Amino acid sequence: MMIDRKAFLGALSVAATMSVWSAAQAADVTLRFQQFLPPQATIPAKAIVPWAQKVERESGGRIKVQLFPSMQLGGKPPELYDQAKDGVVDLVWTVLGYTPGRFPKTEVFELPFSTGLAEPASRAFQQYVEKYAMDEFKGVKLIAVHVHGPGLIHSKDPVNKLEDLKGMKVRGGSRVINMMLEQLGATPVGMPVPAVGEALSKGVISATTIPWEVVPAVKVQQIVKNHTGFTGSKGLYTQTFAVVMNQAAYDKLPADLKKVIDSNSGIAVAALFGAAMDAGDKVGLSLAQKAGNKVVTLDAAETQRWQRAAAGVRAQWYKEVAAKGIDGPKRVAEAEALLAKQGVK
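Taking my numbering, I'd label the letters of the sequence shown as residues 336 to 680.
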């Protein structure tokens, strides 16, 4: 069969033009999203990827979200929030407690024995921030906030009672958690999650405070053999997280693409991230059980001892935030009301 060379070349030219046009359409906006965990960790795989795919799909391919796990664009985890604020990157997922004292109103959700399952608590946290703490996110576009599930202790030596914690070097993930550890008799050592595995292996710390969800990402079940949780629906502690976007990157979007970002912000996104945390908790617990580790749930009486020992954290927090003009008891009451509405009691 004879091929018309001119027609063939013309078709190639049209195809090339269409290809370039399609690529240009797909590359209207590229948003760089950086976070501190490896891509296979729970939140990156089960929350950030679905979120990014939904944004790309609903934008008709005009927004491309480039994912950079494990701080691939540089910097350290505590710098993430400012990286988004300053435009070093466009989007980040970060732990609010990595910048101590910067988000005092949100710390109410970190107080001991305040929250339980992550999905309903994250809904409540999002509502709380939207109502009472948006001023703490001035200068960025807030996508969503969330919390993790019930916090517990993972240790080299067994922790079966409060006294076992005395003098133990324990990693704390935030200012409030470190306050709590001190009140419980431990020696708190602050560090971001990615440093936990090495710190445990080298004996810098003897235990860590992380939820079950984080266990696989840092292989804690291989390094320690003891895990101590508590009776009841609420964990010893929680940490607060946020997904934030550079304000200028958002502002320069056309109106229809702003709507895409807006429709992928708020309470539904908070619930997505919280649900991923809850599912991840089941995976982490399963791995510890398969490893033959000792998983202890302290009975009600012992749990109450820990609750009483940690009660001083609330009084200390009230005093500290009062110096910043924040009514601590009022904020706690507001948070508890929102948590109760979401079924966290």
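Positions of the beta carbon are idealized from the N, C-alpha and C atoms, including for glycine. Remember, it's a predicted structure, so these values are computed and weren't measured experimentally.
- Item | Nearest residue (CA-CA) to residue 498, options 677, 638, 658 | 638
- Message: Threshold first: 4 residues or longer. Then list the alpha helix (DSSP H) segments lying entirely within the stretch 595 to 659, N to C.
- Response: 602 to 625, 635 to 657
- Between the C-alpha atoms of residue 613 and residue 368, what's the straight-line distance to the nearest angstrom? 23 Å
- Could you tell me whether the Cβ atoms of residue 312 and residue 546 are closer together than 8 Å? There is simply no residue 312 to check, as the chain begins at 336 and stops at 680 in what is shown.
- Message: Taking the alpha-carbon of residue 676 as reference, which of 456, 468, 573, 624 has the nearest alpha-carbon?
- Response: 456
- Take the Cβ of residue 425 as the centre, count every other Cβ of all protein chains shown within 10 Å, and call the residue buried at 16 or more, exposed below. buried
- Task: Consult DSSP for residue 357 and reduce its assignment to one of helix, strand or coil.
- Result: Because the pLDDT at residue 357 is just 43, under 50, the model does not fix this residue reliably, and the value given afterwards should be weighed accordingly. Helix, per DSSP.
- Message: Checking the sheet assignment: what are the DSSP bridge partners for residue 523?
- Response: 505
- Message: My assumption, with CB atoms under 8 Å, is that residue 642 sits in contact with residue 444. Please give the rounded CB distance.
- Response: Contact doesn't hold; Cβ gap of about 17 Å is too wide.
- Is the CB-CB distance between residue 504 and residue 522 below 8 Å? yes
- Message: Below 8 Å on the Cβ atoms is my contact criterion, and I expect residue 605 with residue 371 to pass it. Report the Cβ-Cβ distance as a whole number of Å.
- Response: With a Cβ gap of about 19 Å, residue 605 and residue 371 do not count as contacting.
- Task: Write down the C-beta distance between residue 549 and residue 619 rounded to the nearest angstrom, noting that I regard them as a contact closer than 8 Å.
- Result: 7 Å
- Item | Among 579, 469, 526, 611, nearest to residue 416 - alpha-carbon criterion | 579
- Short Cβ contact (8 Å threshold) for residue 488 with residue 566: no
- Mind checking who residue 389 pairs with in its DSSP beta bridge? Answer is none; residue 389 lacks a bridge partner.
- Span of the alpha helix (DSSP H), counted from its first residue to its last, around residue 415: 415 to 421
- Item | Simplified DSSP state of residue 582, which is helix, strand or coil | helix
- Message: Distance check for residue 469 and residue 452, CA to CA, integer angstroms please.
- Response: 24 Å
- Message: What residue range does the beta strand (DSSP E) around residue 541 cover?
- Response: First-last for residue 541: undefined, no H or E at that position.
- Query: Grouping DSSP H, G and I as helix and E and B as strand, with all else coil, what is residue 510?
  - Reply: helix
- Task: For residue 625, count neighbouring Cβ atoms within 10 angstroms of its own Cβ and tell me buried if that reaches 16, exposed if not.
- Result: exposed
- Task: With DSSP as the reference, please indicate the residues paired to residue 487 in a beta bridge.
- Result: 545
- Task: Kindly indicate which three-state DSSP category residue 322 falls into: helix, strand or coil?
- Result: Because the chain is modelled from 336 through 680, residue 322 falls outside the range shown and cannot be assessed.
- Counting along the chain, where does the beta strand (DSSP E) carrying residue 558 start and finish? Careful: residue 558 lies outside any beta strand (DSSP E), inside the alpha helix (DSSP H) at 555 to 558.
- How many Å lie between residue 477 and residue 601 at the Cα? 8 Å
- Can you pull the DSSP bridge partners for residue 561? 490, 629
- Query: Using the rule of at least 16 other Cβ atoms within 10 Å of the residue's Cβ for burial, across every protein chain shown, is residue 375 buried or exposed?
  - Reply: exposed
- Task: Give the secondary structure of residue 431 by DSSP, where H, G and I count as helix, E and B as strand, and everything else as coil.
- Result: helix
- First through last residue of the alpha helix (DSSP H) which encompasses residue 666: 663 to 676
- Message: According to DSSP, residue 367 sits in a beta bridge with which residue or residues?
- Response: 401
- Task: Could you pull out every residue in the same chain whose Cβ sits closer than 8 Å to the Cβ of residue 661, ignoring the five residues on either side in sequence?
- Result: 439, 440
- Message: For residue 667, which residues in the same chain have their Cβ closer than 6 Å to its Cβ, ignoring the five residues on either side in sequence?
- Response: 443
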